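Here the sequence shown is numbered in this note's numbering, starting from 997 and rising by one per residue.
Don't be surprised by glycine CBs; every beta carbon is placed ideally from N, CA and C.
What you are looking at is a predicted structure, and each value in this text was computed from that prediction instead of being measured.
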Amino acid sequence: MYKKHVLENGLTIIGEEIPYVKSISLGVWINAGSRIEDEEISGVSHFIEHMLFKGTRNRTSKQIASEIDNLGGQINAFTSKECTCYYVKLLDSHIDIGIDVLSDMILNSK
997 MYKKHVLENG LTIIGEEIPY VKSISLGVWI NAGSRIEDEE ISGVSHFIEH MLFKGTRNRT
1057 SKQIASEIDN LGGQINAFTS KECTCYYVKL LDSHIDIGID VLSDMILNSK
């Protein structure tokens, strides 16, 4: 069963613990997709998705990729009509690094 918690700042956290699984998937879903784009800005959500992997104030694009790759993890994103999602998959022992990299991309993108 999953748990849902809404923080004071409005951020919704949804999680599910599966005790016998030693990996984690973390995702940040943003309400930005082609459904809300006017014709003159068509594709901007997908463009921004790619730009977040180009670096932050704290990491280069290579550092973003290698920090997760060196742990045997995956980092990726997708844009749909409804949302844009940025996610990492890692061993559960590396959850702090996954949170740090994703939050850096979202909050400190160049």
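Asked: Tell me which residues share the same chain as N1066 and place their Cβ nearer than 7 Å to its Cβ, disregarding the 5 neighbours each side in the sequence.; Found: none
Asked: Between the Cα of V1017 and those of K1085, I1095, T1075, T1056, spot the shortest distance and give me the residue it belongs to.; Found: K1085
Asked: So the alpha helix (DSSP H) V1084 belongs to, where does it begin and stop?; Found: No alpha helix (DSSP H) holds V1084; the beta strand (DSSP E) holding it covers 1080-1087.
Asked: Pick helix, strand or coil for I1014, following the three-state DSSP scheme.; Found: coil
Asked: Alpha carbon to alpha carbon, how far is L1087 from G1069? Give it in angstroms, no decimals.; Found: 7 Å
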